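*Asks:* Read in order, the letters of the sequence shown correspond to residues 4 to 431 in this note's numbering.
Just passing along the structure, written as structure tokens.
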Amino acid sequence: MMKLKNSNKNMENLLVNDINESKATLKNINWNFYQKSTFSPHEVRPFNCRRHHWFPATFIPEIPFTLIEVLTLPNAVVYDPFAGIGTTYFQAIILNRKPLATEICRVAVEYMRSLFILFNPKINFDDLKEKFNKMLKGFNPHEDYISDVLENILINELKHWYSEKTLNQLSFLFIKEASCSDKVAKAAMRISISQILKTASSQDRGWGCVADNVLPKKEQIKDKEVVRLFENHISILLEDISEHLRYVDSMYGQRYKELAGMETILYEDIRECKMIPDNSVDLVVTSPPYPNMTDYVTSQRLSYYFLGFDLVDNKGLKDRNLEIGARSKRSRKDSIASYCKDMQKANEVISKKIKRGGYACYVMPVFNGDNENNRNRKRIIHKVISSMDEYDLIKEDEYERVLPQIRRSHNIKWATLEREKIYLFRRA
Ligand SMILES: C[S@@+](CC[C@H](N)C(=O)[O-])C[C@H]1O[C@@H](n2cnc3c(N)ncnc32)[C@H](O)[C@@H]1O
């Protein structure tokens, strides 16, 4: 692991490394990462959250892992205000830092909270696997499980997305999850069921259709072996976590216990964030939503139904109304102006949370194509980045990376996005 000295002698409690030394290290890093991994398999290494749950536009774990390791010291407070499924959060945990996350998509919040439960070093993963093997042996393909779950209004919504056979297998899993009283097993089940809902769905035309509630057509409906998918997924999940926990340092158990007694994964709109005190964060690592490009909340529609979070809660407030930059608002006249205003408010709040002398790293897209859309997007990103100093966030450096082809081809909207930049700021 890299060791840099903390030369901020006058700044008490600031757990960051010297800015010039850090910048020299960061300059020499190949941020593309997609060639051969530079991380040894025999030491603590990046944990890939998106391997276990599909979520749009997550960043690769190598980015926060490297930034946290180079810029901060152990015990530093590392915060992701737009946390998604927790890529920054879980690198901070395994690197012996104190993680904090805010997020408005309750599916993502639930994923992070469930994953945190599974990061308990006391779990016996072999016993847990055995428990699931036994449970799955109880599945009888000729039994009707569907009628037991359809009374649940939200689960009822799911019936349009799967064949009857697939829904019957899913219903078996829903019943097992609902009746599971073991917190750890339940957390693993919630993650794995939530993950397979999209893969098993008959809507195979991409997340945009799920986000827009475009139900699969008759000819799209296909049977999927959901119980087998679940079995594979849960075993990969448990193996991956136990493998990563093998290399954490000797303080991990104590730290985990302390974190388990605190609220560190917060369902909060960053613009209104009150639960994180001002001047308390050493490093922010985040990738904010980009303008009019993604619908994070509604892309998770199937998981919202399963987890019992309606897209509308009892106050009539919808998670998607809190979402900054949502693609679904793209045709509104004021969508770009609102995005800029929302990001400025977010940056003002984020900056206040950071200790003076602490750092913020933002991953932002580089739009290059010479069409009007791209020119506008480029202008907006420039506006957001160049206004950071109004909130005392002074730009120190920037690092460019090339996006691998696979991510670019996921979605036609990303086709022109070939590069992104990591901006490093320091709070004055
Ligand atoms: C680019 S994604 C972050 C992905 C994350 N880096 C990861 O790897 O999982 C941006 C996130 O910002 C969240 N978001 C949007 N508006 C928000 C708001 N007002 N407050 C907090 N989070 C918000 C979205 O739900 C989405 O998860």
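The C-beta atom is built at its ideal place from N, Cα and C for all residues, glycine as well.
These numbers were taken from a predicted model, which means no experiment stands behind them.
Is the number of C-beta pairs between the stretch 70-79 and the stretch 203-221 that are closer than 8 Å three or more?
*Replies:* Verdict: no, contact absent.
*Asks:* Considering only DSSP beta bridges, list what P102 is partnered with.
*Replies:* In DSSP, P102 forms a bridge with V81.
*Asks:* Between F50 and I97, what straight-line distance do the alpha-carbon atoms span, to the nearest angstrom?
*Replies:* Using only the alpha carbons, I get a separation of about 8 Å.
*Asks:* Tell me whether the beta-carbon of L170 lies closer than 9 Å to the beta-carbon of Y362.
*Replies:* Not a contact, by the Cβ cut-off of 9 Å.
*Asks:* Express the C-alpha separation of M367 and F142 in angstroms, rounding to a whole number.
*Replies:* Approximately 46 Å between the Cα atoms of the pair.
*Asks:* As a quick exercise: from N99, S341, S334 and Y299, pick the residue whose alpha carbon is nearest that of D322.
*Replies:* Ranking N99, S341, S334 and Y299 by Cα distance to D322 puts Y299 first.
*Asks:* Are the Cβ atoms of P291 and M346 separated by less than 9 Å?
*Replies:* Cβ atoms of P291 and M346: closer than 9 Å.
*Asks:* Verify the contact flag: G372, CB atom, against every heavy atom of ligand 1, threshold strictly below 8 Å.
*Replies:* Flag unset: Cβ of G372 not near ligand 1.
*Asks:* Are there 16 or more other CB atoms within 10 angstroms of the CB of N20, so buried, or fewer, so exposed?
*Replies:* Looking at its Cβ environment, which holds 16 or more other Cβ atoms inside 10 Å, N20 is buried.
*Asks:* Less than 9 Å between the C-beta atoms of I199 and V229, yes or no?
*Replies:* Contact: yes.
*Asks:* With H, G and I counted as helix, E and B as strand and the rest as coil, what does DSSP make of P292?
*Replies:* Coil.
*Asks:* Beta-carbon within less than 8 Å of P280's beta-carbon, same chain only, minus the 5 sequence neighbours each way: which residues are those?
*Replies:* Cβ neighbours of P280 beyond the five flanking positions: K356.
*Asks:* Can you name, in chain order, every residue of its own chain whose Cβ lies under 6 Å from the Cβ of P175, other than the five neighbours on each side?
*Replies:* The displayed chain sequence assigns Phe, not Pro, to residue 175. So the qualifying residues of the chain are F142 and Y148.
*Asks:* Quick one: residues in its chain with C-beta nearer than 6 Å to the C-beta of Y394, no 5 flanking neighbours on either side, listed in chain order?
*Replies:* For Y394, where only same-chain residues beyond five positions count, the Cβ hits under 6 Å are N350, E351 and S354.
*Asks:* Looking at the structure shown, is L7 part of a helix, part of a strand, or coil, going by DSSP?
*Replies:* Bear in mind that a pLDDT of 43 at L7, under 50, signals an unreliable position, so the model cannot answer this.
*Asks:* So, A188 versus L118, is the Cβ gap smaller than 9 Å?
*Replies:* Not a contact, by the Cβ cut-off of 9 Å.
*Asks:* Examine ligand 1 and report whether any of its heavy atoms sits within less than 8 Å of the Cβ of A111.
*Replies:* Yes, ligand 1 has a heavy atom inside 8 Å of this Cβ.
*Asks:* Using the beta-carbon count (16 or more within 10 Å), is L427 buried or exposed?
*Replies:* When all chains shown are included, L427 counts as buried.
*Asks:* Taking the straight line between their C-alpha atoms, what separation do you get for E46 and V251?
*Replies:* About 8 Å.
*Asks:* Excluding the five sequence neighbours on either side, which residues of its own chain have a C-beta within less than 7 Å of the C-beta of I88, listed in chain order?
*Replies:* C52, R53, H56, F58, T61, A111, Y114 and M115.
*Asks:* I'd like to know if N376 contacts chain B, where contact means its C-beta is closer than 9 Å to some C-beta of that chain.
*Replies:* Any reference to chain B falls outside this structure, which holds one protein chain only.
*Asks:* When the distance is taken between beta carbons, is R330 closer than 9 Å to L314?
*Replies:* In this structure, R330 does not lie closer than 9 Å to L314 by Cβ.
*Asks:* Locate the alpha helix (DSSP H) running through D395, then write down its first and last residues.
*Replies:* Premise fails: D395 is in no alpha helix (DSSP H) and is neither H nor E.
*Asks:* Take the Cβ of N376 as the centre, count every other Cβ of all protein chains shown within 10 Å, and call the residue buried at 16 or more, exposed below.
*Replies:* So N376 counts as exposed.
*Asks:* Roughly how far, in whole angstroms, is the beta-carbon of S1 from the beta-carbon of S166, given that I think they are within contact range, below 8 Å?
*Replies:* Past the edges of the chain, shown from 4 to 431, lies residue 1, and the structure says nothing about it.
*Asks:* Is the beta carbon of F309 sitting closer than 9 Å to the one on F177?
*Replies:* Yes; because the gap between Cβ atoms is below 9 Å, this pair is in contact.
*Asks:* From N31 to T202, what does the alpha carbon distance come to, in whole angstroms?
*Replies:* The straight-line gap from Cα to Cα measures roughly 39 Å.
*Asks:* Report all residues from its chain with a CB closer than 6 Å to the CB of Y82; omit the five preceding and five following residues, and keep chain order.
*Replies:* Around Y82: L103, V284 and V287.
*Asks:* Just the Cα atoms here: how many angstroms apart are K137 and H247?
*Replies:* In a straight line, the C-alpha of K137 is about 25 Å away from that of H247.
*Asks:* Our contact map puts R342 next to G328 with C-beta atoms below 8 Å; I'd like the distance itself, whole angstroms only.
*Replies:* Rather than Arg, the amino acid found at residue 342 in this sequence is Tyr. 5 Å between Cβ atoms; contact.
*Asks:* Taking buried to mean at least 16 other C-beta atoms within 10 Å of its own C-beta, is Q172 buried or exposed?
*Replies:* So Q172 ends up on the buried side.
*Asks:* At which residues does the alpha helix (DSSP H) containing E423 begin and terminate?
*Replies:* E423 -> not in any alpha helix (DSSP H); beta strand (DSSP E) instead, spanning R422 to R430.
*Asks:* Quick one, which of K134, P144 and L161 has its alpha-carbon nearest S437's?
*Replies:* This structure does not reach residue 437, given that the chain is present from 4 up to 431, and the question cannot be answered.
*Asks:* Identify the residues that DSSP records as bridge partners of P368: which are they?
*Replies:* E423, per the DSSP bridge assignment.
*Asks:* Between which residues of its own chain and W34 is the CB-CB distance below 6 Å, once the five residues before and five after are set aside?
*Replies:* Result list for W34: Y402 and R404, in chain order.
*Asks:* Can you name the start and end residues of the beta strand (DSSP E) that Y148 belongs to?
*Replies:* That residue, Y148, is in no beta strand (DSSP E); it is neither H nor E in DSSP.
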